[in-house]
């Protein structure tokens with residue numbers, strides 16, 4: 609069963625605007641990771657946030673984690689055309705060593 | 484260069500013909516994993532391995548086998564492929580099972596079973 613569920617499924621915004629994607633999960637986790645995938649290619653790791661962390665930043669990326677609500681958000685500020693991609697959250701479960709991915713958010717940056 | 488490699492990148496085969504997709508990493512990572520990606524379903528974990536000679540089932544292991552005889556290699560074996568195994572497959576590795584490390588992904592293998 610899917611652990612992570614991203615929301616929205618698809619998002620189109622103008623270049624320069626901020627993009628926010630959300631991820632919800634069901635069971636207790638060790639960490640949560642966000643990945644980017646350009647069409648049909650391998651996944652690239654963006655940021656990892658541990659279960660005892662609430663917020664992390666990396667360049668134009670900001671990730672928050674709310675373990676009480678079992679949710680995370682990824683904010684991309686000042687979006688660029690190159691940010692057009694699919695974004696996935698993945699949860700590293702602490703009941704076993706599985707890693708569960710969500711179905712992804714397709715982000716399209718309009719020129 | 485640190486990387487995960489997969490071969491072949493593209494494969495078209497027929498139902499029932501055994502095949503192996505190889506995966507190799509050069510980062511001395513303990514944890515390796517196989518995923519399949521299907522439209523609308525995201526990535527689903529097939530098998531994972533926490534170290535040499537240790538493998539465990541992911542969410543969708545049926546129809547697949549793996550082995551981990553060496554740390555760097557984690558081949559995916561389809562003994563009798565069927566059309567429902569047509570998919571995009573990714574191998575990934577990370578340093579170990581602890582909570583602090585991200586995964587590195589291979590470029591993917593697009594498999595078509597007719």
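Chains as they are written, first to last, in our numbering: chain A, 609 to 719; chain B, 484 to 597. Here a beta-carbon is modelled for each residue, glycine too, at the ideal position from N, C-alpha and C.
Exercise for review: Throw me the rounded Cβ distance for the residue 699 of chain A and residue 640 of chain A pair, which I believe falls under 8 Å.
Suggested key: Taking the first residue of the first chain as 1, we reach residue 699 of chain A at position 91. Taking the first residue of the first chain as 1, we reach residue 640 of chain A at position 32. Contact check for residue 699 of chain A and residue 640 of chain A: beta-carbon distance about 5 Å, within the 8 Å limit, so the pair qualifies.
Exercise for review: Could you tell me whether the Cβ of residue 533 of chain B comes closer than 7 Å to any Cβ of chain A?
Suggested key: The residue you call residue 533 of chain B lines up with position 50 of the second chain. Judged by the 7 Å Cβ criterion, residue 533 of chain B is in contact with chain A.
**Study point:** residue 615 of chain A, DSSP secondary structure in three states
**Key:** Position 7 of the first chain holds residue 615 of chain A. Residue 615 of chain A sits in a strand when the DSSP states are folded into three classes.
**Study point:** DSSP-derived helix/strand/coil call for residue 567 of chain B
**Key:** Mapped onto the second chain, residue 567 of chain B falls at position 84. Of the three classes helix, strand and coil, the one that applies to residue 567 of chain B here is helix, per DSSP.
Review point. Under 7 Å Cβ-Cβ, which residues of chain B neighbour residue 736 of chain A?
Key: The structure shown does not extend to residue 736 of chain A, since chain A is modelled only from 609 to 719, so the question has no answer here.
**Study point:** Residue from B:516, B:495, B:492 with nearest C-alpha to residue 551 of chain B
**Key:** Reading the second chain from its first residue, position 68 is the one you call residue 551 of chain B. Out of B:516, B:495, B:492, B:516 has the C-alpha closest to the C-alpha of residue 551 of chain B.
Exercise for review: Quick one: measure Cβ to Cβ for residue 676 of chain A and residue 697 of chain A, integer angstroms, because I've assumed they're closer than 8 Å.
Suggested key: One-based indexing of the first chain puts residue 676 of chain A at position 68. One-based indexing of the first chain puts residue 697 of chain A at position 89. Between residue 697 of chain A and residue 676 of chain A the Cβ distance is about 17 Å, and since that is not below 8 Å, they are no contact.
Exercise for review: Give the straight-line distance between the Cα atoms of residue 555 of chain B and residue 576 of chain B, rounded to the nearest whole angstrom.
Suggested key: Mapped onto the second chain, residue 555 of chain B falls at position 72. Mapped onto the second chain, residue 576 of chain B falls at position 93. When rounded, the distance between both Cα atoms is 9 Å.
Check your understanding: For residue 690 of chain A, which three-state DSSP category applies?
Key -> In the first chain, residue 690 of chain A corresponds to position 82, counting from 1. In this structure, residue 690 of chain A counts as helix in the three-state DSSP scheme.
Point to revise | Beta-carbon spacing of residue 667 of chain A, residue 694 of chain A below 7 Å | key: For the purposes of this step, residue 667 of chain A is identified with residue 59 of the first chain, where counting begins at 1. For the purposes of this step, residue 694 of chain A is identified with residue 86 of the first chain, where counting begins at 1. Result no, Cβ atoms of residue 667 of chain A and residue 694 of chain A do not sit closer than 7 Å.
**Study point:** Amino acids of chain A, ordered along the chain, whose beta-carbon sits closer than 7 Å to that of residue 516 of chain B
**Key:** Taking the second chain and counting its residues from 1, one reaches residue 516 of chain B at position 33. Chain A residues near residue 516 of chain B: 707.
Check your understanding: Can you tell me whether DSSP reads residue 511 of chain B as helix, strand or coil?
Key -> Start at 1 with the first residue of the second chain, and residue 511 of chain B comes out as number 28. DSSP places residue 511 of chain B outside both helix and strand once states are collapsed to three, so it counts as coil.
Check your understanding: Contact check, residue 506 of chain B vs residue 571 of chain B under 8 Å by CB: the rounded distance?
Key -> Here residue 506 of chain B refers to the residue found at position 23 of the second chain. Here residue 571 of chain B refers to the residue found at position 88 of the second chain. Cβ-Cβ separation between residue 506 of chain B and residue 571 of chain B: approximately 14 Å, too far for a contact (criterion under 8 Å).
Check your understanding: In chain order, which continuous runs of the beta strand (DSSP E) of length 3 or greater are located wholly inside the region 537-593 of chain B?
Key -> Entirely contained in the region 537-593 of chain B, the beta strand (DSSP E) runs reaching 3 residues are, in chain order, 537-540, 559-561, 570-577.
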